[in-house]
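Q: Quick one: this structure, given as structure tokens, is what I'll be asking you about.
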Amino acid sequence: MATGWVILIAVVALLAGVALGFFVARKYMMNYLKKNPPINEQMLRTLMMQMGQKPSQKKINQMMRAMNNQQQGK
């Protein structure tokens, strides 16, 4: 009978740990993405201007498409 309680407590603790870990990881990722947002067209345009290039909309679209394809390929 005591073994049954030990197993039950272990299973409940495992499930609670998994649920808690999920929510902590979710909160961490949301804060990380808020502080470090993924690159967008405006950031890319600014970066190209800082490098001394005159960004055209065609070039920005091409680079965004390449970055999205690379990200999906992982």
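Residues 8 to 81 in the numbering used here are what the sequence shown lists, from first letter to last. Don't be surprised by glycine CBs; every beta carbon is placed ideally from N, CA and C.
1. Pop quiz: Pro-62 and Met-55 are said to be a contact at Cβ under 8 Å. What is the actual Cβ separation, rounded to whole angstroms?
2. Skipping 5 residues on each side, what residues in its chain have a beta carbon closer than 7 Å to that of Arg-52?
3. Report all residues from its chain with a CB closer than 6 Å to the CB of Gln-64; omit the five preceding and five following residues, and keep chain order.
4. Quick check: what's the CA-CA separation for Trp-12 versus Arg-33?
5. Ile-46 and Met-8 - do their beta-carbons sit closer together than 9 Å?
A: Reading off the structure:
1. 4 Å
2. Closer than 7 Å at Cβ, skipping near neighbours: Pro-62, Ile-67.
3. Result list for Gln-64: empty, nothing under 6 Å.
4. 32 Å
5. no
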